Each structure stands twice: as structure tokens, then as C-alpha cells.
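Peer 1: Below is a structure I'd like to ask you about.
Numbering (our numbering), first residue to last: 170 to 389.
If you want it as C-alpha cells, here you go:
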């Protein structure tokens, strides 16, 4: 779905709400950008922002003009100077790392004063969700252990602690949802039960992921 539709109603989606708060003409860094598709949605929502992305391999779907750096986020520093970005997003990355404290510190370093960080990861409901079977099997990770590269569940309390230890202040926390998908889920479950779209909507309906937003104070 094209995120230009969310420009007037960014509150409908947890990620869109965060990105919409980035200052006009600002810079956003996406950590663990995967195939780049989510960053392309961010560009649809906020074409005035300049983007940068990090992962182990360069993705094929980065927005036009986006910077890219190859970094092992478990060990390597970020290749940008201090206070470079207005916003940082880190979605479904930290559950793949053996440790993420260094990453939190690097985020705090490259974040501008007054900047914001969004970290999203699977929540406890992912531990008991049933693995998809049938025609849609493998299309969506429903159970945490469906993905063999997941190392450990990261509770909200741990993210809050890591943020504080890095000098950031948690301003918001909750379950990541798109409320349009939440409303569509019962209909998709009835009419399109064996599709990927049905299970994506279910993730939002059940609140499968949780997030925190952390701010860098002006005095840091």
C-alpha cells in the first residue's frame, strides 16, 4: 500500500506517526533496512526527508537518493559524525543480535539533540502465536521461532533500560499497529483466509510487535 494515503492521517499507523514527527527537511536513518521497502514507504509519506540506511547487504528497493552503508550492527560503529540525524528507526533488528547495548549508544551518538529513536521488535504474543500452515505457510513470521535467525525476545523493560543507559529518555511505548489492518482483519479472515494479507492484518490485530520511542534531550 502506498503511504501517501497516510499523509493526512499518520496516526493510523505506529511507524507513520513516528516518521511524520520528523522535522521538515530533516534526515532519517533506518537500521537493518532489509529489502528497503519500508524506507520507500517512509519516502512516500515524507518526500521532504533525506534518508540513509544500514544493513549487511545493499537492498534493491531503497528510495532514490538514499545513502547506504554496510555495517555489522552487532559490532561496528555507524559511519556518520555525531548529531547527524533527526530520526532513527530500528525495526525487527535487535531480536537478531546477541547484544544491542553498543547499538543503542551509537544511536544516541548520531542522533541530533531533540531527535527521536523508534525501536520495534516482536512482543510476547509472538511466543504463543501459531505457525502458519497451508497455502500461506512461510509468507509471514507468526511464531517467534519461525525465524531461525531470532536470538532472543527483547522485553519493553529491557529497551527502556538500554535507552536510559545510553542517555535517552523514553517518551512512548506500546504495540505497533496499523488501525486500517486491524479493522480489515475479520473480513480478510472470512473472505481471504489463506492469503499473506490476512496474516499481516492479524499481526496488527493481535498487537504482535511492541515498540519504544526515545528522545535525545537538548542538553545531552
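Glycine included, C-beta positions come from ideal geometry on N, C-alpha and C. Nothing here was measured: the structure is a model prediction, and the numbers come from that model.
1. With respect to the beta strand (DSSP E) encompassing residue 380, which residues constitute its N-terminal and C-terminal limits?
2. Whole angstroms are fine: how far does the CA of residue 266 sit from the CA of residue 232?
3. Pull up the distance between the alpha-carbon of residue 382 and that of residue 263, whole angstroms please.
4. Between the region 310 to 325 and the region 281 to 301, can you find at least three pairs of beta-carbon atoms closer than 8 Å?
5. Between residue 194 and the rest of its own chain, which residues show a CB-CB distance below 6 Å, the 5 nearest in sequence each way excluded?
6. Residue 214 and residue 172 - do their beta-carbons sit closer together than 8 Å?
7. Grouping DSSP H, G and I as helix and E and B as strand, with all else coil, what is residue 303?
8. Closest to residue 219 by C-alpha separation, out of 201, 256, 243 and 204, would be which residue?
9. Whole-angstrom Cβ separation of residue 260 and residue 236, contact assumed at under 8 Å?
10. Please work out which residues of its chain come closer than 8 Å, Cβ to Cβ, to residue 201, disregarding the five sequence neighbours upstream and downstream, and give them in chain order.
11. Going residue by residue through the region 254 to 329, where are the continuous alpha helix (DSSP H) segments of at least 4 residues, counting only ones entirely within it?
12. What residue from 358, 268, 180 and 228 has the CA that sits closest to residue 322's CA?
13. Terminal residues of the continuous alpha helix (DSSP H) containing residue 206?
14. In or out: residue 338 buried (at least 16 other Cβ within 10 Å) or exposed?
15. Which same chain residues end up closer than 6 Å to residue 198 when comparing Cβ atoms and leaving out the 5 residues on each side of it in sequence?
16. If you reduce the DSSP assignment to three classes, tell me which class residue 200 lands in.
17. Leaving out the 5 sequence neighbours to the left and right, which residues in its chain are closer than 7 Å to residue 277 when beta-carbon positions are compared?
Peer 2: According to the data block:
1. Taking the chain shown and counting its residues from 1, one reaches residue 380 at position 211. Counting along the chain, the beta strand (DSSP E) containing residue 380 begins and ends at 378 to 384.
2. Here residue 232 is taken as the residue at index 63 of the chain shown, counted from 1. Here residue 266 is taken as the residue at index 97 of the chain shown, counted from 1. One C-alpha to the other measures close to 26 Å.
3. In the chain shown, the residue the question calls residue 382 occupies position 213. In the chain shown, the residue the question calls residue 263 occupies position 94. Each residue's Cα considered, the two are about 15 Å apart.
4. yes
5. Position 25 of the chain shown, counted from the first residue, corresponds to residue 194. Closer than 6 Å at the Cβ level, and outside the excluded window around residue 194, lie 217.
6. Here residue 172 refers to the residue found at position 3 of the chain shown. Here residue 214 refers to the residue found at position 45 of the chain shown. The answer is yes: Cβ separation under 8 Å.
7. Counting from 1 along the chain shown, the entry for residue 303 is found at position 134. Reduced to three states, the DSSP call for residue 303 is helix.
8. Here residue 219 corresponds to residue number 50 of the chain shown, with the count starting at 1. Measuring from the Cα of residue 219, the nearest candidate turns out to be 256.
9. Translated into the one-based positions of the chain shown, residue 260 becomes position 91. Translated into the one-based positions of the chain shown, residue 236 becomes position 67. With 8 Å as the limit, residue 260 and residue 236 do not qualify as a contact, their Cβ atoms being about 18 Å apart.
10. Looking up residue 201 in the chain shown gives position 32. Excluding residues within five positions, the ones whose Cβ falls inside 8 Å are 223, 224, 242, 259, 260, 261, 262 and 265.
11. 270 to 279
12. Taking the first residue of the chain shown as position 1, residue 322 is located at position 153. The option with the nearest alpha carbon to residue 322 is 268.
13. Counting from one through the chain shown, the residue named residue 206 turns up at place 37. Unbroken alpha helix (DSSP H) run through residue 206: 206 to 214.
14. In the chain shown, residue 338 corresponds to position 169, counting from 1. Per the 10 Å Cβ criterion, exposed.
15. The count along the chain shown starts at 1 and reaches residue 198 at position 29. Closer than 6 Å at the Cβ level, and outside the excluded window around residue 198, lie 221, 254 and 257.
16. Mapped onto the chain shown, residue 200 falls at position 31. Here residue 200 sits in strand by DSSP.
17. In the chain shown, the residue the question calls residue 277 occupies position 108. 335, 336, 337 and 385, listed in sequence order.
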